[in-house]
Amino acid sequence: MKRLGIALGLIVVVAFVVGAVLFSNVPPQTSDNGNVLSFTYTVSDNTFTFYAADGFTNYSWDFGDSSTGAGSVVSHTYQANGNYQVTLIADPSTGPSGSLSAFKQVLVTTVTTLIHHYFENLNVTMGNNAT
C-alpha cells in the first residue's frame, strides 16, 4: 500500500507541474518594434533628400533610376519626371542580424527641359554707318 500511495503522490506532483507550465502567466513574445526600418524625405525642385531611421548601419539606397547611394542621409537629383520606387536596405544595430528593407514610391514632376532658342544667344550690332 505504501508504494501505491507514493506512486499516486508522484502523479499528482507531475500533474501539478505540467498544469503550472500550461497555464502560466508569461506574457506572449512579440517582435521588437525598435527594429523597423523606415525613411522620410524632403523635396526641393527635382532633388530629394532621404533620411533613414536611426538604429541601423550599412545604409544602402536604390533610387529607382539606376542610381544608388550610401549613408543615413542622402540626396539625389532626378533627371526625368516619373514614378520611382526608392529602396533602402540596412542592418539593425542591435537585435537579430540580417538586413531589413523599406521602400516608397516618389513622384517627380518638376524636371523642366531647357530650350535655348537660337535668337537668345544671337549677338546683333546695329550701327549708324551704311555701306
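Residue numbering for the sequence shown follows the working numbering, starting at 294 and increasing by one per position.
All C-beta atoms in this analysis are idealised placements derived from N, C-alpha and C, irrespective of residue type, glycine included.
Taking C-beta atoms as the reference points, F349 and V379 fail to come closer than 8 Å. Residue pairing by DSSP places Q378 opposite Q398 in a beta bridge.
Of the candidates G375, T402 and A345, A345 places its Cα closest to the Cα of G362.
Residue pairing of S353 in beta bridges, as defined by DSSP: A363 and I382. Partner residues in the beta bridge of V336, as assigned by DSSP, are F341. Pairing A373 with T333, the inter-Cα distance amounts to about 21 Å. The shortest CA-to-CA distance from S353 to any of I382, Y377 and G388 is the one to I382. Counting only the Cα atoms, V401 lies some 5 Å from G375. Between V366 and T335, the CB-CB gap reaches or exceeds 8 Å. About 12 Å separates the beta carbon of Y377 from that of V404, a gap too long to meet the 8 Å contact definition.
Straight through space, the alpha carbons of S386 and T370 are spaced by roughly 29 Å. Going by beta carbons, L393 and N328 fall inside the 8 Å limit.
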